[in-house]
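**Q** In our numbering, the protein residues as written are 184 to 574. Think of the CB as a built atom: it goes at the ideal place given N, C-alpha and C, for glycine as much as any other residue. Just dropping this structure here.
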Amino acid sequence: MMAHRVHRSTPKSNSVLALALVISLSFNAFLILQKYQITISIDEKQLIPTPTTKDKFGSSLKIHGYSAELNVSIDSQERRVSSTQLLAIKDPQQIASNETSNYHIVFIGDSILRYSYLEWLDTIQFSRSPKNYSPNTLINEKLSSSWHEYFINTTTHFKGNMFCDCRRSEEFDLNVEVENRYYQTDNLWATYIQLPGDNMAHGRFSPEECSLAKVSIADGPDKDTSGYTWGYMGEDSDKLISEYVSQFSRKPSAIVMNAGMWPNEGIASNLGNIFKAAKDVLGSEGKMIWRATSKRKHDLVASTSPADDAAKDWSYRLPYLTYHAFPKLEISPSEYFDDNHFGNSRIYREWNADLMQSLGTSLEARKRSHRVFIIVGAVRTLHKTEESILE
């Protein structure tokens, strides 16, 4: 097989193309689109694909608010389109429609999970196309003049939808540091609770008070010295979930957790109770996702932690638990801003593909949706309108 350009059809064309359009109305197809750099333009109601690989080409387009991926295979001997597959999903901003108005994802973990959380939310809120990456200022605090500025900028970035219980001294001190983020719209809630391994997750606002959360100053004469109203050590994350996370007025649909590069033997030893507490809060349709440690700057591959290894073992026994190993991504040393953290949002976007897929599975369960298959045969030209294709 070899690649051929499918040219714009003209009124004189009498070619017959057999198109198989498979439309999947699920959230989990969204980041599949990232593989394709070429877009299908809709010009005068025609779909005009461009080759991108040796024997097939792929692109993305939007039809009536849907993001889509198009894969086309060419039979070089018969010089015809052998198959065309269209995977379509709802536009990211529509992921929480009337059917998903109670969707709430809770992230519990370290700073790397925070960056994943921010990139994931940015992609959704601003409907970013596959190669339109989030600004690096979201995932690299070194691009801000201070932690206070970073907290302010990454909170206001979301146009009033995020509240941040955030405070951090320029001289790192776990007793002073706090970072819990609460993203809330009518359609989607996403909460981030910072837990640095076996150390303490703590905060100044209860779930009922999270809309009052604010960024405060940690240094200088005007520093905020207010104490915490709640706190749980990493190994007590079962209580964090059962006593704190359970109190949100919107029930969590999924919990995403990691332990990162911090010491986490305590978490590892108690993961059975942690996952049980998560299941009790999530209910029968919820999903627990464990994200393994990412690759360090000078490592050839990502190394797993004790909590990662334990979570992987539990994933074989618990159907509601999904274990995400760090994927094999092409990352150059220059794409780190220190030994552990990525400075390029592209990496988080590609890493979040598994997250999107798993959350999409959970979303489908909540919506009780079904895949819709549409077969369009013997299409004479490529100038079918958007309405005709969806019809």
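For Tyr365 and Glu353, I'd like the C-alpha separation in whole angstroms.
**A** Cα to Cα, Tyr365 sits roughly 23 Å from Glu353.
**Q** Round the Cβ separation of Asp407 and Arg350 to the nearest angstrom and send it over; I've been treating them as touching at under 8 Å.
**A** Confirmed, Cβ separation roughly 6 Å.
**Q** How big is the Cα-Cα spacing for Ile438 and His481?
**A** Rounded to the nearest angstrom, the two C-alpha atoms are 30 Å apart.
**Q** Give me the residue from Asn370, Glu418 and Gly386 with the minimum Cα distance to Tyr286.
**A** When each option's Cα is compared against that of Tyr286, the closest is Asn370.
**Q** How far does the beta strand (DSSP E) with Asn363 in it extend, from its first residue to its last?
**A** Its beta strand (DSSP E) spans residues Val361 to Gln367.
**Q** Among residues of its own chain, excluding the 5 on either side of Tyr531, which ones have a beta-carbon nearer than 7 Å to its beta-carbon?
**A** Tyr298, Ser299, Glu302, Ile322 and Phe525.
**Q** Counting only runs of 3+ residues fully inside the stretch 431 to 512, write out the beta strand (DSSP E) ranges in chain order.
**A** Within the stretch 431 to 512, the complete beta strand (DSSP E) runs of at least 3 residues are 437 to 440, 470 to 474 and 504 to 507.
**Q** Measure the C-alpha to C-alpha separation of Asp402 and Ile335 and round it to an integer number of angstroms.
**A** If I take the Cα positions, the gap works out to 15 Å.
**Q** Is it buried or exposed for Pro313, if we count other Cβ within 10 angstroms and need 16 for buried?
**A** Flag for Pro313 reads buried.
**Q** Going by beta carbon distance, what residues of the same chain come within less than 6 Å of Phe431, once the five residues before and after it are set aside?
**A** Here the set comprises Pro390.
**Q** So the candidates are Glu324, Leu454 and Glu468; which of them puts its Cα closest to the Cα of Ser498?
**A** It is Leu454 whose Cα lies nearest to the Cα of Ser498.
**Q** From the DSSP output, in three-state form, read off Phe346 for me.
**A** Residue state, collapsed to three classes: strand.
**Q** Assess contact between the stretch 315 to 329 and the stretch 451 to 467, defined as three or more Cβ pairs (one per stretch) separated by less than 8 Å. Is contact present?
**A** Result no; under three Cβ-Cβ pairs closer than 8 Å.
**Q** Tell whether a beta-carbon distance below 8 Å holds between Asn456 and Asp491.
**A** No.
**Q** Note down, in chain order, each residue of its chain lying with its Cβ closer than 6 Å to the Cβ of Asp537, except the 5 sequence neighbours on either side.
**A** So the qualifying residues of the chain are His507.
**Q** Taking a contact to mean a Cβ-Cβ separation below 8 Å, would you say Asn447 touches Asp381 in this structure?
**A** Their beta carbons are under 8 Å apart, which means Asn447 touches Asp381 by this criterion.
**Q** Which first and last residues belong to the beta strand (DSSP E) in which Tyr286 is found?
**A** Residues Tyr286 to Gly292.
**Q** With DSSP run on the structure shown, which of helix, strand or coil describes Asn527?
**A** If DSSP states are grouped into helix, strand and coil, Asn527 belongs with coil.
**Q** Using the Cα positions of Ser409 and Met345, report the straight-line distance between them to the nearest angstrom.
**A** Straight-line Cα distance between these residues: approximately 21 Å.
**Q** Decide if Arg500 is buried, meaning its Cβ has at least 16 other Cβ atoms within 10 Å, or exposed.
**A** Result: exposed.
**Q** Report the rounded CA-to-CA distance for Val289 versus Glu324, giving the unit in angstroms.
**A** The straight-line gap from Cα to Cα measures roughly 22 Å.
**Q** Please go through the same chain and pick out, in chain order, the residues whose beta-carbon is closer than 8 Å to the beta-carbon of Leu423, but skip the five residues on each side of it.
**A** Closer than 8 Å at Cβ, skipping near neighbours: Ile291, Ile376, Leu378, Ala384 and Tyr415.
**Q** Starting from Thr581, follow the alpha helix (DSSP H) in both directions and report where the run begins and ends.
**A** Because the chain in this structure spans residues 184 to 574, residue 581 falls outside the shown range and cannot be described.
**Q** Does the beta-carbon of Asn441 have 16 or more other beta-carbons within 10 angstroms, so that it is buried, or is it exposed?
**A** Flag for Asn441 reads buried.
**Q** Quickly, what does DSSP pair Gly410 with across the bridge? List them, please.
**A** Answer is none; Gly410 lacks a bridge partner.
**Q** Tell me which residues share the same chain as Thr337 and place their Cβ nearer than 7 Å to its Cβ, disregarding the 5 neighbours each side in the sequence.
**A** Answer for Thr337: Leu301 and Leu321, listed in chain order.
**Q** Is the beta carbon of Thr505 sitting closer than 8 Å to the one on Ser541?
**A** Yes, the Cβ-Cβ distance between Thr505 and Ser541 is below 8 Å.
**Q** Once DSSP output is grouped into helix, strand and coil, what is the label at Leu296?
**A** Looking at Leu296 - three-state DSSP - the assignment turns out to be helix.
**Q** For the beta strand (DSSP E) holding Leu371, just list the boundary residues, first then last.
**A** Looking at the DSSP string, the run of the beta strand (DSSP E) that includes Leu371 is Leu371 to Gln377.
**Q** Taking the alpha carbon of Ser327 as the reference point, which residue from Met539, Phe520 and Trp534 has its own alpha carbon closest?
**A** Measuring from the Cα of Ser327, the nearest candidate turns out to be Phe520.
**Q** Thinking just about the alpha-carbon of each residue, which of Leu483, Phe458, Pro489 and Arg479 is nearest to the one in Ile472?
**A** Ile472 has its Cα closest to that of Phe458, out of Leu483, Phe458, Pro489 and Arg479.
**Q** Pop quiz: Gly386 and Tyr411 are said to be a contact at Cβ under 8 Å. What is the actual Cβ separation, rounded to whole angstroms?
**A** Right, their Cβ atoms sit about 6 Å apart.
**Q** What does the alpha-carbon distance come out to for the pair Ala333 and Pro404?
**A** According to the sequence provided, residue 333 is Tyr. The question's Ala does not apply to it. So the two alpha carbons sit approximately 20 Å from each other.
**Q** Mapping the DSSP letters down to three states, classify Gly384 as helix, strand or coil.
**A** Before going on, a small fix: residue 384 reads as Ala here, not Gly. Ala384 falls in the strand class under three-state DSSP.
**Q** Classify Lys470 as buried or exposed, calling it buried when 16 or more other Cβ atoms lie within 10 Å of its own Cβ.
**A** By the 10 Å Cβ count, Lys470 comes out buried.
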